[in-house]
Every structure is written in structure tokens, then in C-alpha cells.
Amino acid sequence: MDTEKMIYFAVKALILHEGKFLALHKRIIEEDWLELPGGRMEFGESAEETVIREVFEETGLIVKPVKLLDTWNSVHEDYQITGVIYYCIIENGEVRLSDEHDRYEWLKADIPGFDKLHKAFREKMVNWDWDNLKL
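If you read the sequence shown in the numbering used here, its first letter stands for residue 30, the second for the next number, and so on.
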């Protein structure tokens with residue numbers, strides 16, 4: 030019997046500070062790649078509500094999503110995650126990681142910085158017009 034493969038929708042945040050963007054490392058992942066803060070949408074939420082909730086849960090930061098930047102996609106053997114990335118500004122707080130992550134980095138928007146990211150984000154972000162990213 031075939032089992033139906035799951036598709037999840039997730040929202041990620043691009044958060045800039047002093048010319049660098051925030052990236053997180055999941056505690057359960059053995060590989061050394063990083064991801065943008067954010068996560069899966071809950072039933073009834075908008076994308077903006079999801080990114081606000083997820084960023085707060087993962088980092089303790091209160092953010093405001095101001096611009097939809099891109100889409101992303103990550104296909105695995107048994108599931109797929111598809112989502113969007115918002116440019117968000119920090120309204121309040123300092124980074125305080127949840128138990129889900131064990132470290133964070135502020136990365137420069139350059140090839141060495143992009144190389145630390147999961148390929149789903151790296152493939153998109155390397156092509157962005159970083160000089161005109163903000164509103």
C-alpha cells in the first residue's frame with residue numbers, strides 16, 4: 030500500500046542587523062548547515078502570523094514582516110516543505126534561542142556566508158539583489 034507523502038508550508042524570516050542576516054542551527058541536525066528562522070504554518074494562521082510566532086518561539090525576537098521576498102522548496106524522501114521568505118525588522122528583543130536550536134550566527138551576504146546555509150535557501154539568496162532588498 031502506498032502512503033501519501035506529506036507537503037508542509039513554512040515561513041522563514043530574513044532578519045538583518047549591522048549588514049548581516051540571522052541564521053540558526055537545529056540541535057537535532059548533525060550536518061553543519063544553518064537555516065533562516067521560521068517554521069511551519071499552523072491551521073488558521075496567515076503567513077505573517079506564522080513568521081511572527083515562529084521567530085519569537087525560536088529566537089525571542091519580536092519582528093514585523095515588511096516585505097515578501099521569495100519562495101523556497103525542500104523535497105525529501107517522504108515529505109516536502111514549501112514556503113516563503115519575508116524580510117522582517119526587529120521591533121524588540123535580543124536573540125535567545127529555544128531548545129530547538131543550539132547556536133546562531135549573523136552571516137554576511139556573500140558566498141562564504143551563503144555556503145553555510147541549507148541549499149534550499151542558498152540557491153535563492155545567492156541571486157537576490159542585496160543592495161535593493163529593503164523597502
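Every residue, glycine too, gets a C-beta built ideally from N, C-alpha and C.
Check: G142, enclosing alpha helix (DSSP H) - first and last residue; Outcome: I140 to F143
Check: Backbone CA spacing between E78 and L136 [nearest angstrom]; Outcome: 25 Å
Check: Among G89, G67, V104 and G142, the one whose alpha carbon lies nearest that of N121; Outcome: G89
Check: Three-state class that DSSP yields for D99 in the structure shown; Outcome: strand
Check: Residues of its chain near V80, where Cβ-Cβ distance is below 8 Å and the 5 sequence neighbours each way are ignored; Outcome: V40, K41, A42, G67, V92, P94, Y115 and C117
Check: For I118, three-class secondary structure by DSSP; Outcome: strand
Check: For R151, the first and last residue of its enclosing alpha helix (DSSP H); Outcome: K148 to M154
Check: For H54, the nearest candidate out of F72, L65, E47 and I44 (CA to CA); Outcome: L65
Check: Three-way DSSP call (helix, strand, coil) for I44 in this model; Outcome: strand
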